[in-house]
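Going by numbering that gives the first Met the number 0, the sequence shown opens with residue 0, and the numbers climb by one from there.
Beta carbons: idealized from backbone N, C-alpha and C, even for Gly.
See structure below.
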Amino acid sequence: MEAVLPIEIEMRSLRVALEQHVSKAEWVQSRYDRLNYHAQAYQRKMTHAFRKRVRPRKFQRGDLVLKVLRGLINDPKGKFRPSWSGPYVIRDLTREGAAWLTDLDGNQFIEPSMWIT
């Protein structure tokens, strides 16, 4: 008879599983299921942490918005470049959440914008 640490029984090591006549395939499957459960719990926790900080906004035609500037990483202005442009007026909205914008002078953009606040 071999000495077994209490932590090995709790964590269900392969050595303990083999002594209890559990096949390697069953042990691997149970280990995989446990790890998958923990990964899903982590994903739920991260999703909740992200969503509690996001405020959903409903945009309508005629609202004034700012457009996020997503530029090149090697911008010569670096961190001092502006992050936003605008204000713009929402001309039309798509079902997916994109907005057709118009500046205050009436100039219209060629494509819809997804990055507005």
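- Using a Cβ distance threshold of 7 Å, L65 and W83 count as a contacting pair.
- Sequence-distant Cβ neighbours of G61 in its own chain, meaning closer than 7 Å and more than five residues away, are V88 and I89.
- Per the C-alpha coordinates, the member of Q59, Q39, P111 and K57 positioned closest to V67 is P111.
- Residue pairing for W99: DSSP places it in a beta bridge opposite D91.
- Around the CB of A40, fewer than 16 other CB atoms lie within 10 Å, so the residue is classed as exposed.
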